[in-house]
Amino acid sequence: MHRPETPSDRQRGRSATRLLVGLVIGGCLAALVFYLAAWL
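This is the structure in structure tokens:
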């Protein structure tokens, strides 16, 4: 059962997506930093 999307629903979905992308990028950067730190 699909109810029509309100603008606030769409906005919440967008911010959730942005947060998820930010977490993935942040995790990759953190892993890269730890990897480099282990080698130096």
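Numbering (full-length UniProt numbering), first residue to last: 1 to 40. A virtual CB, placed ideally from N, CA and C, is assigned to each residue, including glycine.
Checklist entry - Three-state secondary structure (DSSP) at residue 6? => result coil
Next on the checklist: With H, G and I counted as helix, E and B as strand and the rest as coil, what does DSSP make of residue 20?
Outcome noted: Residue 20: helix per DSSP, three-state reduction.
Checklist entry - DSSP on residue 29, reduced to helix/strand/coil? => result helix
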